[in-house]
Structure formats: C-alpha cells, structure tokens
Amino acid sequence: MPVNFFPAEFEVVRNSDRCIKCRACERQCSNEVHIYDADFDKMLSRDNQCVDCQRCVSICPVSALKIVPNENAFRKSANYSQQLMIENYRQAGSGGVLLSSMGNPQDYPVYWDKILINASQVTNPPIDPLREPMETKVFLGKKPAGIKKNPDGSIDTHTEPYLELNMPILFSAMSYGSISKNAHESLARAATELGTYYNTGEGGLHKDFYQYGKNTIVQVASGRFGVFKDYLDTGAAIEIKMGQGAKPGIGGHLPGAKIREDVSKTRMIPMGTDAISPAPHHDIYSIEDLRQLIFSLKEATEYKKPVIVKVAAVHNVAAIASGIARSGADIIAIDGFRGGTGAAPTRIRDNVGIPIELALAAVDQRLRDEGIRNEVSIIAAGSVRSSADAVKAIALGADAVYIGTPALLALGCHLCRSCHSGKCNWGIATQRPDLVKRLNPDVGYQRLVNLVNAWNHEIKEIMGGMGINSIEALRGNRLMLRGIGLSQKELDILGILHAGE
Amino acid sequence: MKYVIIGNSAAAIGAVQGIREYDKDGNIVIISDEKYHTYSRPLISYYLKGAVSEDNMKYRPESFYADNNVETMLGVKAVSVDSAAKKVILEDGGEVAYDKLLIATGSKPFVPPMEGLDKVEKKFSFMKLDDVKAVEQTVKQGSKVLIIGAGLIGLKAAEALEHYGADMTVIDLADRILPSILDSEASEIMMNHIKSKGIKFMLSTSVKSFEAHSAELTNGVTVDFDFVILAVGVRPNTELAESAGGSVNRGIETDKTQAVKNVSDIYAAGDCTKSYDITSESERILALLPNAFMQGNVAGKNMAGKETYYFNAFPMNAIGFFGLHIITAGSYDGEAYTEINGKNYKKLFTKDNALKGFILMGNKIERAGIYTSMIREHIALDEVDFEALKKNPMLMAFSRERRNEKLAGGVGNGN
Amino acid sequence: MKRVYVNEDRCLGCHLCETYCAFANSGETDMVKAFKTGKDAVPRIRIEEGDGINFAVQCRHCADPLCVKGCIAGALSVNNGVIEINHDKCVGCYTCVLSCPYGCIVIDYKNGGRTVTKCELCTRNNAGEPACAANCINRAIVFEERGED
C-alpha cells in the first residue's frame with residue numbers, strides 16, 4: 012500500500028443514536044461513501060470518497076448525518092496552505108493538470124459586498140411596489156440613436172431585433188452535456204414561464220426542447236457543436252461565445268464518456284468521441300473576423316435575431332467591448348472571473364480574469380465615453396449571487412444579468428465543485444441515467460420560477476426604496492451606489508463615491 | 082321482485098351484495114338451517130384454538146342484513162323447491178314464494194360406511210360452528226383424538242386441537258397428506274412439519290372396525306381415542322336443486338350466469354355447484370370460499386337483471402398449519418420449475434406458453450397473487466420476463482405497457 | 003377517488019417511502035423512536051428494483067377488489083373506496099396474498115405473520131395524507147385524482 016500523502020478532505024459524522032439503518036444514504040451516494048455492514052449491523056463510511064455534496068445529509072429521514080471538514084491539520088504556513096500542499100501531492104501522484112468545477116472559490120475581494128445601495132428619505136420619497144406599478148421589463152438590443160424620418164416625412168419605426176425580458180435576469184449558458192437533460196428541461200420551462208431566456212451553451216439543442224425556442228438563446232462557440240440552420244432558426248437570439256469567465260483563454264473539453272447517444276445526436280458528433288472546443292475560434296483573429304461571423308449568422312437568420320457576443324472579463328475588456336460594439340453585435344455579455352464551469356483547469360479558474368464588477372463598470376464607462384453605449388446592451392455575468400448583486404450590476408451599467416450558479420442552487424446543487432467527475436448526486440452535472448433521474452423537471456422548473464420571481468420581488472422592493480419605478484431608470488445610475496472600504500482607485504474604476512460622500 | 086336465497090354463507094352474502102348493486106328495493110329473504118348471523122365456516126378451527134372470538138367470526142358486520150334490507154329466516158330448513166309454483170317448501174310445512182331463487186346450500190360431510198361407527202359415543206364432523214362448539218365441550222387437556230382424513234379439514238382440526246395438548250393420530254386412505262392441493266414433495270415437507278408438533282400419522286390405511294373408544298385399522302394397528310373427528314370429505318348439498326328439477330351431476334350444474342340448467346329463475350352458487358376450471362378446462366367442484374363468494378356475486382347480479390358471467394374459476398388455496406403456510410392455485414400440469422430450501426418450496430407449472438398452476442410454501446408465498454393473476458389473465462409467458470418472475474413474483478417483469486396499465490391506468494379490476 | 007400513483011421514470015429506488023410508511027403506521031411520533039424501539043411497522047409499500055428502473059407498489063384500492071371478495075374472515079372491507087383491514091378479524095390465512103394481482107398485501111412479520119396488513123392510504127394513522135407521497139424525495143409518488151372511480 013503506497014503512502015497516503017494527504018487525508019480525506021471531509022469527515023462523515025453519523026449519529027448512531029439516530030441512524031435507523033434505512034440505507035437511503037448508501038443508495039443515493041454515487042461516490043459510494045456509505046456502506047451497510049451486516050457484521051457490525053451498522054452503516055460505515057468511506058470518508059476519502061466524499062465530495063461534500065450534502066445529498067445524504069439532505070435526504071436522511073432522521074437527520075443523523077453531517078459532513079464536516081477533516082480537522083486533521085498539516086503544520087500551518089501562511090504561505091503554503093494545506094490546500095496547496097495537497098494539490099502538489101496530487102499532481103506528484105497523477106502527473107496531470109488539476110481540474111475543478113463551478114466558480115473560483117479563492118479569497119479575492121467581492122466588490123458586490125463593498126458596494127452599498129441608496130434609499131430615499133423625505134425628498135423624492137420611496138415607492139411601495141405593492142401599491143404602485145413597478146416596471147422590470149427589459150429590452151436587449153440596439154437602441155435607436157435618434158429619430159429618423161422616411162423620405163415621405165413619416166417617422167421610421169424600424170427597430171433592430173431585440174429580446175424582451177419580464178425581468179432583468181437570464182439563465183446563463185450551460186450546455187446539454189455539461190448538465191443533464193432534466194436540468195435543461197427545468198431551465199427551458201422556467202424561462203418560458205418567467206418570460207425570460209435560457210442559453211444552450213455549446214451543446215446544441217435537444218429536439219425535445221425546440222418547443223421552448225422562443226425563450227432560448229442558442230450559442231455558437233469555437234467547436235460549433237450542434238450548429239445548423241434549424242438550430243439557429245429555433246432560438247430567439249444567437250450568442251457567439253468568445254470566452255468564459257471561469258476559464259478565459261482556453262477552450263472546452265467534454266470527455267467522450269459523457270457523449271452518450273442523445274448528447275452525440277445533439278452535438279452532432281460521434282458517440283464516445285471527446286468534444287473539444289478550441290481556445291480560439293479559428294476563423295476569428297480580429298474584430299473584422301468577428302463582424303463576419305455576426306453577419307453570417309444574421310444573414311442566415313434573415314436579420315430577425317439579435318446576436319450576443321460573450322467575452323470573459325480580462326484586463327483589456329473595455330477595449331474589446333468597444334470593438335464588439337462596433338462589430339455589429341446587438342448585445343455584449345461579459346463574464347467575470349467567478350463565473351461557473353462544468354470543468355476547468357484549477358490554475359486557470361483560480362488565477363485568470365478579473366472581477367465582473369470592475370469589468371462591467373469599465374465597459375459601460377468606455378462605451379459611454381465613445382458614445383456607442385446605445386449600440387449594444389450589456390449582460391453582466393460571473394457570480395451575480397442575489398437580487399442585491401443584480402441591482403448593483405444594473406446600477407453599474409448592465410441591462411440585465413446572467414445567473415448560472417443560483418439557478419443550479421435552485422435545482423439542488425450544493426457547490427461541491429465536482430461536476431467534472433460526472434457523478435453529480437443531484438442529477439445536474441451528470442449524464443448517468445440513474446443520477447439524471449434525481450432531478451425531476453417538474454420540481455426543478457418550479458424551483459427556478461420561484462427563485463427568479465423572488466429575486467424580482469426583491470429588485471422591485473429595492474428599486475422602490477430608491478424611489479425608482481422603472482429598471483430603465485436604474486441602469487447606469489451609479490449615484491445610487493456607494494463604496495465601502497475601497498481605495499480611491501477602485502472607486503474610480505467603479506465610478507462610484509465612497510459611503511459618506 | 083322477491084329474491085329468496087337458501088344458505089347464509091359466502092355465496093349467499095355475495096348474492097346479496099350482487100343484487101343490491103343493481104336492485105336497491107327488491108325483497109331479499111335468506112333461509113338458513115343454522116341459527117347464526119352469517120359467519121365464516123373456515124374460521125371454525127381458529128375459533129376452537131381461541132385465535133378468533135365468536136363475534137369476530139362474523140363474515141359481515143352485525144348490521145349487514147339491516148343495511149342491505151334483508152329478511153332472514155334463520156334456523157329454518159328448506160326441504161324442497163316447487164319450481165312450477167315458484168315456491169320453497171320448508172320443513173315445518175311452510176312455503177316461501179320467490180321470483181328468483183338462489184340455492185347456496187354448500188356441502189355436507191361425507192362419512193363412508195365404517196363398521197361399528199355407531200358404537201362410537203363421541204364423534205364429530207368439522208364443518209359448522211356447532212360442530213366445533215360440541216368439540217369445545219368435549220375436548221380436555223391431553224384428550225386422545227383419532228382424526229380420520231388428512232385433508233384440509235382434518236389437519237385444520239388437528240392444528241386447533243394441538244392447542245389443547247391433544248394426543249392425536251391422523252389416518253388417511255391416501256398415501257400422503259393434502260393430496261388435493263399438494264404434490265408428493267410438498268406433502269412430505271408439510272407432514273414432517275406437522276409431525277414435529279407431536280401429531281402421529283398413519284397413511285394408506287382406514288378403519289376396519291370401531292369400538293366405543295378404539296378403532297382397529299386395516300394395517301392391524303389399534304388406536305385408542307376419547308373422540309373421533311370425521312374429516313374424510315364433503316359432498317355437495319344438491320337435494321333442493323334435484324327437487325326443483327335442476328340438472329345435477331354430483332354438483333349442481335349451472336351456466337355462466339350461475340343459472341341452474343334445466344329450470345328457470347333458479348340459480349346456484351358455492352360449494353354445492355360445479356365450476357368450469359380454466360386451468361384443467363373441465364367442470365369440477367371447487368369448494369373454496371373465494372369461489373363461492375364470486376359465484377354468488379355473479380348470481381346475484383344476474384338475478385337482479387344485470388347480465389354477468391363468471392368464467393375464470395380455478396382452484397386456489399391459501400392455508401397454513403402450525404405456522405407453515407401454503408398457497409396453491411391452478412392445475413399441476415405441464416413443465417415444472419422447482420425450488421426447495423428446507424421447508425420453503427416453490428413449484429410452478431407451465432404449459433402452452435402460460436402458467437397453469439403453482440405450489441408455494443414457507444417463505445415462497447409472498448406476492449403469490451402476481452402468479453395467480455398470470456393464470457387468471459392468461460398472460461403469455463413470452464410477453465414477460467418469466468426467468469425473473471420464476472424467482473420472484475414482481476411487476477417489473479411485465480412489459481412497461483402492462484405495468485402502466487396495472488399501476489397507473491387500469492386501476493380497479495382484479496378480474 | 004384520489005389514489006397513490008408512481009412515476010417509474012422518477013422513482014429513484016431510495017426506499018424512503020418504505021421507511022416513511024413504516025413510521026407512519028408505527029403509531030410513534032418520532033421516527034428514531036419508532037425504529038429504535040422496534041415499534042416501526044411493516045412497510046405497506048414496496049420498491050421493485052430493475053435494470054435502471056425502480057418503482058413503488060402498494061394497494062391500488064381496486065374498484066372490484068379480489069382480496070375483499072376472497073377474504074374468508076370478512077376482515078377486508080371497502081370504506082369510501084379505501085380497502086381497509088380489520089386486524090382483529092384477520093386470521094392470517096393469506097387468501098388475500100393469493101388473490102391480489104399486484105402482490106400488495108403484506109404479511110405482517112412484525113407480529114410473526116399472525117395477520118396481514120396493507121396500505122390504507124394513511125387514512126387511519128396520523129399522517130393525514132399518504133406518507134409515501136408526502137415524503138417522496140423526487141415527487142415520483144403522487145396522491146391524486148386521475149378520473150378512475
């Protein structure tokens with residue numbers, strides 16, 4: 012037996028005074044942590060296989076379980092954390108790139124938590140959203156720059172194609188393949204009922220979901236998986252994915268094991284082959300190339316659908332956004348470095364990109380400065396965690412926000428960040444039929460609807476407090492924000508004053 | 082409309098329920114020579130061993146007759162039927178007119194002629210409540226008992242009497258016990274089980290002659306006893322049907338509506354009749370309580386004018402002796418699949434792509450009804466995963482469509 | 003009439019319905035106590051497990067119930083569509099086990115098989131609505147009206 016360089020990350024604590032040996036935990040753990048031992052007449056645990064997904068804890072009928080971090084401690088170092096040491100041990104064993112999932116968990120500043128929202132007092136009184144109309148409807152796309160007249164003198168009422176949302180919230184791109192069919196169905200049905208959109212990600216669109224096309228954003232990414240005429244025609248908008256906040260500068264890799272029959276059909280690739288999305292689009296090396304793809308897609312869909320260009324928030328994101336705004340895109344989606352992923356190299360996820368708050372403020376400011384803010388709408392993405400974050404994002408200049416992780420939380424995700432294992436116990440990030448089953452779309456879709464409706468109620472409440480009755484009046488209204496504990500440089504980039512100013 | 086039912090057991094109750102489904106108002110009269118509220122005959126052994134009170138033996142609640150507006154004539158014996166005049170003639174000379182008549186007279190003990198039987202002072206049949214009440218009066222701790230007949234009735238009596246610490250000898254002319262429901266292996270297992278309770282068996286023998294407290298058997302052994310239980314067999318009570326001119330051939334013959342052949346407006350149901358056994362494809366007497374109820378129920382519906390057929394009868398038995406349970410059904414014909422594990426025994430009989438019968442014993446009895454339904458519904462074996470079903474009766478082995486039909490859609494009809 | 007239905011595409015085979023059923027019929031108010039003191043009851047619902055498929059089965063409360071018709075003791079009866087068992091009358095002959103086409107009559111091994119027991123849709127315990135449906139973790143088991151009588 013080789014030396015085990017590092018201990019189990021988690022410890023399963025079972026209260027045997029409560030455990031009734033119903034074995035539900037054993038049946039529900041895809042990591043085979045729990046096992047009934049007939050000789051001891053007891054449930055035993057294999058702690059080293061636990062990923063802390065909390066499935067067992069959640070279903071235990073007698074609340075006999077808890078999962079806690081293993082308290083075993085390496086000698087403390089402020090420089091070499093236990094986590095870093097373990098990662099090095101792991102790589103010394105495997106020789107491979109470390110893989111992770113979901114968003115960057117590292118201790119970087121969360122600017123949302125350093126921004127405070129204003130409220131009205133005495134003058135410009137607050138509005139009670141339960142008594143007075145409160146508009147959260149948003150239109151995404153190019154806005155007319157001014158009034159144009161036809162040769163006959165009448166007003167030109169032509170508008171560019173746009174998306175209409177009942178609330179400033181969309182579901183982020185999550186591909187069928189990275190998440191399960193039941194998860195996709197939940198998102199599609201929820202978007203339909205809410206009057207907003209979900210996004211196929213780079214996984215194509217399963218035939219069963221064409222019926223939700225009016226509420227679907229279809230994505231075209233560097234691998235072009237699943238892209239064909241019907242796919243483009245079915246979606247309400249087309250998103251060109253240039254980058255992803257969780258892994259800027261790299262492509263994607265869905266292992267062949269996850270390419271089962273349905274995924275293979277939907278992605279239009281052979282079963283069992285790895286689906287590799289290249290880091291760049293091999294036909295895009297300039298803004299002009301991007302423009303070509305945008306117009307190819309517009310041409311293919313008869314200029315009826317808005318085109319979104321999604322980029323990761325990187326150092327020069329403002330300049331990139333300016334280029335995109337001039338390339339003919341209708342909407343820019345900016346994905347911050349805390350955005351989620353089904354799988355990314357750990358070092359990339361944890362060290363590349365910049366926070367969405369700073370990127371968003373910089374982009375909005377740049378586009379205003381250049382007088383092209385109306386050319387595009389902006390969707391902010393990459394860890395919008397609550398309605399308060401959404402309000403702050405809109406005040407910083409976003410038209411709407413993408414939510415990914417909160418949607419997964421609604422479906423049961425406990426952020427164990429093991430999506431890449433394909434053994435998601437909640438039936439979300441898996442293609443194993445026995446696990447996919449665990450996400451009942453009837454339940455999942457309702458929970459998504461509930462979540463977004465709840466957020467929308469809160470957005471109205473916060474807007475009312477500020478004396479604002481329309482989301483349009485909040486967009487870019489940075490006077491409604493104040494920083495707390497931020498440096499002057501940070502405040503300058505965010506374009507906000509410090510609290511007390 | 083006046084309905085007259087002769088008999089007060091399962092077939093009669095089935096008929097009352099069948100009539101009342103379609104006719105709430107007609108007069109119903111039940112005539113029975115027993116003075117009791119309807120009770121379950123098979124429970125008499127449980128009564129004797131104290132497992133059920135007389136009150137709990139009631140086959141239907143106390144209020145049954147009132148609830149169903151039934152007039153009862155209990156303790157009254159019908160002696161003949163005048164089918165021309167549509168009248169039942171009673172022992173006391175009285176007459177009861179009917180529009181529709183049901184003969185549900187059951188069966189009576191069959192006692193073959195045995196030399197010296199009249200010298201035996203204490204001998205009992207084991208069919209009615211009064212029989213066991215008489216036994217109850219007689220039996221004492223450690224009584225010596227000779228049980229003649231190793232069939233269902235004799236062995237149920239033995240089980241009850243064991244409760245009194247009786248010293249019992251069971252004899253039978255057959256070479257094994259329960260030959261009507263078990264094959265020889267299962268008989269052997271059951272006999273050994275019963276023997277382990279201290280009960281003695283003497284098979285392939287009969288009584289040569291009786292004395293008051295002993296019997297000399299044809300095998301030369303003499304058995305002493307305090308009393309005798311006569312459980313050789315039963316015979317259908319067909320006299321009333323014969324007096325009415327109905328067709329009788331050992332049992333009363335009926336059509337699929339339970340109407341007695343050869344006469345009109347007279348129906349018969351229960352142990353006094355013959356049934357068409359779908360597993361052996363022959364007419365036979367199926368003296369079984371569930372069968373009696375269902376025949377009675379069908380008869381009642383037809384009497385009330387709702388044409389209904391009874392066409393899926395077959396033998397079935399669920400019975401236990403000293404904690405070892407047996408469930409059997411159908412005919413033991415065709416290819417056999419066998420599992421034996423101590424006292425746990427399973428044998429399935431298949432023929433012509435269908436399950437025809439089974440014998441289950443011990444822990445093999447669970448979910449037996451799934452096998453029964455395969456016989457009843459003529460399920461084709463190539464439609465199901467019979468390899469899986471053989472081992473464990475389960476709905477999983479049926480096709481998804483049939484499962485959906487059973488579990489989600491077609492709720493409701495065992496039939 | 004409302005009945006319990008199981009969607010086999012949703013059933014996970016976790017067997018928690020059996021646990022909740024046994025608890026609901028135990029007469030105890032605390033599940034730990036019910037199981038630790040041995041007062042838990044025999045589950046009236048049973049999971050069948052197959053290759054990638056699971057489903058729970060329990061009494062279908064047939065409109066024309068063979069178990070009730072066949073019961074030799076008059077222990078089974080229909081009350082407002084619910085097939086009930088009177089444990090005082092049941093003698094444990096198992097004719098209902100023989101009759102039920104769904105295999106849903108349960109031999110009560112907790113009392114040594116002296117009687118059978120069965121799902122009564124939790125109408126006679128404190129669960130209020132069938133415990134299996136109320137506690138199904140994937141809403142695979144539902145208690146609803148589907149137009150059958």
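Protein chains in written order, with the numbering used here: chain Z, 12 to 512; chain F, 82 to 496; chain V, 3 to 151.
The beta-carbon is built from N, C-alpha and C at its ideal position, and this holds for glycine as well.
- For V/His63, there is no enclosing beta strand (DSSP E), as DSSP marks it with neither H nor E.
- The C-beta distance from F/Ile111 to F/Met384 rounds to 13 Å, too long to fall under 8 Å, and the pair is not in contact.
- Note that the C-beta distance between V/Gln60 and V/Cys124 is not below 8 Å.
- Checking the DSSP bridge columns, you'll see F/Tyr348 partnered with F/Leu183, F/Ala340.
- With a cutoff of 8 Å on beta-carbon distance, V/Cys73 and V/Cys102 are scored as not near each other.
- The straight-line gap separating the alpha-carbon atoms of Z/Glu381 and Z/Asp503 is approximately 18 Å.
- Close partners of F/Tyr140 in chain V (Cβ separation under 7 Å): Gly76.
- Cα atoms of F/Gly386 and V/Tyr7: separation of roughly 36 Å, rounded to the nearest angstrom.
- By the rule that beta-carbons nearer than 8 Å mark a contact, F/Thr453 touches chain V.
- Burial of Z/Arg360 is indicated by the presence of at least 16 other C-beta atoms within 10 angstroms of its C-beta.
- Distance from the CA atom of Z/Arg384 to the CA atom of Z/Val320, rounded to whole angstroms, is 15 Å.
- Listed along chain F are Met477, each with a C-beta nearer than 8 Å to that of V/Ile55.
- Taking the Cα positions, F/Val213 is about 48 Å away from F/Asn485.
- Listed in chain order, the beta strand (DSSP E) runs fully inside the region 112-147 of chain Z are 126-128, counting runs of at least 3 residues.
- Contact with chain V is absent for F/Ala159, since none of that chain's Cβ atoms lies less than 8 Å from the residue's Cβ.
- Listed by position along chain Z, the residues whose Cβ is nearer than 8 Å to that of V/Thr21 are Ile31, Cys33, Ala35, Pro72.
- For V/Ile109, the neighbours in chain F by C-beta distance under 9 Å run, in chain order, His406, Ile446, Glu447.
- Contact with chain Z is absent for V/His63, since none of that chain's Cβ atoms lies less than 8 Å from the residue's Cβ.
- At a beta-carbon threshold of 9 Å, the residues of chain F lying near V/Cys102 are Arg448, Ala449, Gly450, Ile451, Thr453, Ser454, Gly495, ordered along the chain.
- Counting C-beta pairs closer than 8 Å gives three or more between the region 87-99 of chain F and the region 180-199 of chain F, which meets the contact rule.
- Within a 10 Å sphere around the beta-carbon of F/Met477 sit 16 or more other beta-carbons, which makes this residue buried.
- Between the region 462-478 of chain Z and the region 137-144 of chain Z there are three or more C-beta pairs closer than 8 Å, enough to call the two in contact.
- Under the Cβ criterion of 8 Å, V/Lys4 is not counted among the residues facing chain F.
- Taking CB atoms only, Z/Lys448 has a neighbour in chain V less than 8 Å away.
- For Z/Pro281, same chain residues with a beta-carbon under 7 Å away, outside a window of 5 residues either side, are Ser275 in chain order.
- Of Z/Ile479, Z/Ile126, Z/Asn210, the smallest CA-CA separation from Z/Gln132 is found for Z/Ile479.
- The DSSP-derived three-state label of Z/Pro366 is coil.
- In this structure, the straight-line span from the alpha carbon of F/Gly314 to that of F/Phe191 is close to 5 Å.
- Against chain V, the CB of F/Gly401 has a partner CB under 8 Å away; the residue lies at that interface.
- At a cut-off of 8 Å between beta-carbon atoms, V/Lys35 makes no contact with chain F.
- DSSP places F/Met154 in the uninterrupted beta strand (DSSP E) bounded by 151-155.
- Look at Z/His509 here: in three-state DSSP terms it is strand.
- When DSSP states are grouped into helix, strand and coil, F/Gly332 belongs to the strand group.
- Against Z/Gln39, the close residues of chain V are Leu14, Cys16, in the order they occur along the chain (beta-carbon pairs closer than 8 Å).
- Contact annotation for F/Ser121 against chain V: Ile74, Ala75, Gly76 [CB-CB distance below 8 Å, chain order].
- At the C-beta level, V/Gly105 and F/Pro474 come within 8 Å of one another.
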